[in-house]
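**Student:** Once you've had a glance at the structure underneath, I'll fire off some questions.
Residue numbers (the UniProt record's numbering): 1 to 341.
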């Protein structure tokens, strides 16, 4: 045991000395040599990487657990902010372009409407000027014809015929057309119906020459419309067919005025201009209905308005335009005169 103890002591001394010797050398190197071991370790002096983990340059912990990583902004957030800023800028530019485009479109639309209104106004003015010139020309011709002194005609009372219900040429043509269509579509093909209808057509066509009475024509027309048994109309004794009651007692009664408007040049111009203005403000469908009532086909709007105004003016001033009895040429054409039978 004694031999073993010194041996172990010697081994321990040797081991301890060796161990202590190494530690002493390390200690003398660390403290006496100015931290030789620490200076031998590499120092992380590189700056933090802009992408990836953030490091502070100190040892003793992992990079993902560094306390400076929470205070540093991540590159994903920076990219998001830049992207949002670019989107706002592009959206603002797009809105500005849309606003400018809408302003340009509105300006063009407004100019187009103004141009249409001006063209419409010019057309109305030209139409009114043309109508006024036509009326002035007609009045001038009437004044020139009135300069010739009329030759008075003396006719017996039996030949004086007054028709208070004159029809326009268009209404007569429409009546003839209706009668012919009625005859063509009628199922009654008896000889009496055909004869009476032919008599009615001949009476209407030769009304100016024959001067037949209004009562007989209206009675025949009413029979043709109702399809009843025809009845022969015979004039009474002492009364000529179609003569109106113009005499009152032993004297002669002046016929009433046939014109529905004031018979003067200014009133005629005012009437025509008023009708033109009213018809110009109507729509095409309304003008088409008015024109269809006259029995003619529809044309352009300007031509249609001109025709309607001319027809209405002639109907309103029908007695104003009739100068056949006041001019020598008309008297010669009619075979009139003092020596005429």
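Ideal Cβ positions, reconstructed from N, Cα and C, are used throughout, including at glycine.
Taking contact to mean 3 or more Cβ pairs, one atom from each stretch, closer than 8 angstroms, check whether the segment 133-149 and the segment 274-285 are in contact.
**Tutor:** no
**Student:** Which one of 277, 86 and 314 has the shortest CA to CA distance from residue 123?
**Tutor:** 277
**Student:** Beta-carbon within less than 7 angstroms of residue 21's beta-carbon, same chain only, minus the 5 sequence neighbours each way: which residues are those?
**Tutor:** At residue 21, the pLDDT of 44 sits below 50, so the modelled position is not reliable and the matter cannot be decided from this model.
**Student:** Skipping 5 residues on each side, what residues in its chain have a beta carbon closer than 6 angstroms to that of residue 287?
**Tutor:** 304
**Student:** To the nearest angstrom, report how far apart residue 96 and residue 88 are at their CA atoms.
**Tutor:** 12 angstroms
**Student:** According to the neighbour-count rule (16 or more other Cβ atoms, all chains shown, within 10 Å of its Cβ), is residue 62 buried or exposed?
**Tutor:** Residue 62 should be labelled exposed.
**Student:** Within the continuous alpha helix (DSSP H) that includes residue 345, where are the two ends?
**Tutor:** This structure cannot settle anything about residue 345, because the visible part of the chain is limited to 1 through 341.
**Student:** Roughly how many angstroms lie between the CA atoms of residue 111 and residue 121, to the nearest whole one?
**Tutor:** 15 angstroms
**Student:** How would you label residue 127, buried or exposed, when you count the other beta carbons within 10 angstroms and need 16 or more for buried?
**Tutor:** buried
**Student:** Could you pull out every residue in the same chain whose Cβ sits closer than 7 angstroms to the Cβ of residue 108, ignoring the five residues on either side in sequence?
**Tutor:** If we look at residue 108 and ignore the five residues flanking it on each side, it has no Cβ neighbours.
**Student:** Can you tell me which of the three DSSP states residue 59 falls into?
**Tutor:** coil
**Student:** Taking only three categories from DSSP, how would you classify residue 268?
**Tutor:** helix
**Student:** Drop a sphere of 10 angstroms on the beta-carbon of residue 275, count the other beta-carbons inside from all chains shown, and report buried for 16 or more, exposed for fewer.
**Tutor:** buried
**Student:** Classify residue 131: buried if its beta carbon has 16 or more other beta carbons within 10 angstroms, exposed otherwise.
**Tutor:** Counting Cβ neighbours within 10 Å, residue 131 comes out buried, since at least 16 surround it.
**Student:** Could you give the first and the last residue of the continuous alpha helix (DSSP H) run that contains residue 285?
**Tutor:** 284-293
**Student:** Would you tell me roughly how many angstroms separate the C-alpha atoms of residue 99 and residue 117, rounded to the nearest one?
**Tutor:** 27 angstroms
**Student:** Put residue 147 into one of helix, strand or coil per three-state DSSP.
**Tutor:** Looking at residue 147 - three-state DSSP - the assignment turns out to be coil, as it is neither helix nor strand.
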